[in-house]
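S.K.:
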């Protein structure tokens, strides 16, 4: 009887436990990860901020203990806030609190070199070897990415002086990362995982993909971007012999502070914002973010990167960020005017992996293929090797469970792509699983982007595909060999805009032309994590070749670091201006930059002000400068409310009754998104040079618009002098809903200071 009673009691208790667990699980399921932003604070230290955060959070959780359990990140250094798991009702309650500026859900961002610095002409800078980029360089670049592989030769600290005294950061230890992994090159490291795990699940759930709970890079992306910025000089670097040369960053004496906020190609807003808060406090000079939200971008006022970047700008830190890899108009991200937004373009280097047909014809192909075929193999179109239940069209894409292994075994398979975002490597895995020995991928769009495959493989364009099809149709037993990759230098035309590079116009504030500039982002060689390569390409390497605006962004970050070392007193806006106004819109054949793969015409919505020119940026002559107050006035002119401005700045700001028109914001480019008849645009430039000089205006007229500059000459007598001018536009023809483009160039016979012009003429 006693045992029966115990059994009943146990059953009841178990039932109650499962009911309680289910209720708790239901409440948890209803919770989301929110960022609670509270703006500037006057607390004496981080501990008091955290206590205040817990008290505010306890108002909706019911207790301090509940608040401590719910909180994930505390933003306590350069601004106040926290991230926490909350129900929508709790989030709304906090949003109504007087001490809270804004509450928004944490979203996910995506991660968007031997020869590249030669192509950019870095060694042609007369001052480069004499400038302050020496062993005592104090410039610090914060890299928010996937971490770093500290053992890479690119991160050795040979010849560098002590860690700059201004740096307040830490070397945070963790899995396979000790204090010894920091040095005078990698002067700080932190990692952030709370937001990612709440939003995407525990890191362990991504097995068998490798990871380290530390700043150690298991992906490779962060090591690649960091070494592109400040990698030490490493001779004879290559990817299996391809792109062989001396690997180096653009600013090898610059110090790196590593902030690992990205895991498995994804970055939580909450983690990124925490990294930005730390980086600003730590004392970095430049922040480099090769990541961004999927289009369309959220408004500046509820976007973690925009908010963090505003605080960085306010503290004198330039933020350089990738424009994204969506490849279509109106998809550019990180478009706030206080962010230097970077597009991607090619350089004068190509990787050819050609196809030798049995009829002695050679088809030009491209890939990163170190594998050698010892003999010819038969060719088969994937569409002709479909499984019985699969259509020929679906089989042509070479996806899982579509190909008949008995038909492709021992053959080279010709595949096509279904969508722009197809994983090209996965196709080669499918072919290999079926017994195929090689793959030819017909890809007219990305044929110039170097892809890696698990078997000999190459990409060909439409013209080559037609010749291949004709050969396979007319020849009874068509055969071919795919050759290993050969590197070609000094190719023309270059640069070309990368087909994947996201384009403007800026969908949030279209008077600001975005992206700002373009830089090398196609087939860039840089340091890598050997763990990452082993997991993906099945070949462990220390240097890898990859493409994306993720690769172009660190090139621009490095140029910014050089300028900061040369002009330490310059504001972020001045550095932006120097990089933008000295950029070029011409390729190495002296034609206007086209768009890969067919050289189609481009506009500033592709490349912004143009392709970066480090040698010219060092000495720009004139600079368009602006500060945080100018940004506020600009946002007021776009109709921002006091509440929206508070969301961004953390302070209550009221706009003037008659704000300055948005097109008069002192940006280095000139945009008017709604032009009716006539408009006058005003700008102010600051002279940086020796002695007196005169700059003369020259205009490249937008179609259908007359342009007058007053005054047309600017006479300067000393460095630091400012002068203002007006640009009068008079339209005589509508632009039919699209922008027309031109440029204004100031020249003194030595420097050329160029600003692109973009006008949407609503009525003439």
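Numbering (mature numbering (1 follows the signal peptide of the UniProt record, and there is no 0)), first residue to last: -24 to -1, 1 to 740. Backbone N, C-alpha and C define an ideal beta-carbon position, used for all residues, glycine too. As the structure is a prediction and not an experimental result, all values here were calculated from the model.
Would residue 292 and residue 253 qualify as a contact pair, given that the criterion is a beta-carbon distance under 8 Å?
M.R.: no
S.K.: Quick one: what's got a C-beta closer than 8 Å to residue 464's C-beta in the same chain, skipping five residues either side?
M.R.: 325, 326, 327 and 328
S.K.: DSSP beta-bridge partners for residue 165?
M.R.: 147 and 234
S.K.: Report yes if the C-beta distance between residue 227 and residue 591 is below 8 Å; otherwise report no.
M.R.: no
S.K.: Here's the rule: buried if 16 or more other CB atoms are within 10 angstroms of the residue's CB, otherwise exposed. What is residue 516?
M.R.: exposed
S.K.: Among 307, 634, 276 and 210, which residue has its Cα nearest to the Cα of residue 477?
M.R.: Comparing alpha-carbon positions, the option among 307, 634, 276 and 210 lying closest to residue 477 turns out to be 307.
S.K.: Is it right to say residue 184 is buried, meaning 16 or more other beta carbons lie within 10 angstroms of its own, or is it exposed?
M.R.: The residue is exposed, with fewer than 16 neighbouring Cβ atoms inside 10 Å.
S.K.: Hey, how far is the Cα of residue 605 from the Cα of residue 613?
M.R.: 12 Å
S.K.: Can you list, in chain order, the stretches of the beta strand (DSSP E) that have 3 or more residues and sit fully within the stretch 264 to 291?
M.R.: 267 to 269
S.K.: Can you list, in chain order, the residues of its chain with a C-beta nearer than 7 Å to that of residue 526? Leave out the 5 residues immediately preceding and following it.
M.R.: 87, 88, 197, 201, 266 and 298
S.K.: Output the residue ranges of the alpha helix (DSSP H) runs that lie fully inside the stretch 178 to 254 and measure 4 residues or longer, sorted by chain position.
M.R.: 197 to 206
S.K.: At a cut of 8 Å, does the stretch 389 to 405 reach the stretch 553 to 560 through at least three beta carbon pairs?
M.R.: no
S.K.: Look at residue 494 and residue 584 and say whether their C-beta atoms are less than 8 Å apart.
M.R.: yes
S.K.: In three-state terms, what does DSSP make of residue 734?
M.R.: Residue 734 falls in the strand class under three-state DSSP.
S.K.: Looking only at DSSP bridge pairs, what is residue 56 linked to?
M.R.: According to DSSP, residue 56 shares a beta bridge with 15.
S.K.: Going by DSSP, name the residue or residues bridged to residue 473.
M.R.: Under DSSP, residue 473 forms a beta bridge with 321 and 571.
S.K.: In three-state terms, what does DSSP make of residue 92?
M.R.: helix
S.K.: Assign residue 706 to one of three DSSP states: helix, strand, or coil.
M.R.: strand
S.K.: Look at the alpha carbon of residue 665 and the alpha carbon of residue 471, and state the distance between them as a whole number of angstroms.
M.R.: 30 Å
S.K.: Relative to the alpha-carbon of residue 63, which residue among 57, 72, 45 and 36 has its alpha-carbon at the smallest distance?
M.R.: Minimum Cα distance to residue 63 is reached at 36.
S.K.: Is the beta carbon of residue 670 sitting closer than 8 Å to the one on residue 685?
M.R.: no
S.K.: Can you give me the start and stop residues for the alpha helix (DSSP H) that residue 587 sits inside?
M.R.: Where residue 587 is concerned, there is no enclosing alpha helix (DSSP H), given that its DSSP letter is neither H nor E.
S.K.: Just the Cα atoms here: how many angstroms apart are residue 623 and residue 489?
M.R.: Each residue's Cα considered, the two are about 24 Å apart.
S.K.: Let me confirm a value: residue 505 is counted as buried when at least 16 other C-beta atoms fall within 10 Å, else exposed. Which label applies?
M.R.: buried
S.K.: Pick from 280, 321 and 156: whose alpha carbon is nearest that of residue 132?
M.R.: Of the listed residues, the one whose Cα sits closest to residue 132 is 156.
S.K.: Run the proximity test for residue 459: is its beta-carbon closer than 7 Å to any non-hydrogen atom belonging to the ligand MG?
M.R.: In the structure shown, the ligand MG is absent, as is every other ligand, since no ligand is present at all.
S.K.: Whose C-alpha, out of 58, 61, 34 and 274, is nearest the C-alpha of residue 620?
M.R.: 274
S.K.: Here's the rule I'm using: 16 or more other beta-carbon atoms within 10 Å means buried, otherwise exposed. How should residue 428 be labelled?
M.R.: buried
S.K.: Using the DSSP secondary-structure output, state which residues sit across from residue 327 in a beta bridge.
M.R.: 463
S.K.: Go through its chain and collect everything with a Cβ distance to residue 496's Cβ below 8 Å, but skip five positions before and after it.
M.R.: 89, 92, 95, 96, 320, 321, 322, 323, 471, 527, 528 and 531
S.K.: For the 8 Å Cβ check, are there 3 or more pairs between the stretch 386 to 395 and the stretch 355 to 363?
M.R.: A contact exists between the stretch 386 to 395 and the stretch 355 to 363.
S.K.: Reducing DSSP to helix, strand and coil, say where residue 727 ends up.
M.R.: In the structure shown, residue 727 sits in coil (DSSP, three-state: anything other than H, G, I, E or B).
S.K.: Please report the straight-line C-alpha distance between residue 288 and residue 145, rounded to a whole angstrom.
M.R.: 16 Å
S.K.: Rank 118, 179 and 148 by C-alpha distance to the C-alpha of residue 232 and give the top, closest one.
M.R.: 118
S.K.: Kindly confirm or deny that the stretch 453 to 467 and the stretch 544 to 554 touch, where touching means at least three C-beta pairs closer than 8 Å.
M.R.: No, the stretch 453 to 467 does not touch the stretch 544 to 554.
S.K.: Tell me whether the beta-carbon of residue 420 lies closer than 8 Å to the beta-carbon of residue 573.
M.R.: The criterion of a C-beta distance shorter than 8 Å is satisfied by residue 420 and residue 573.
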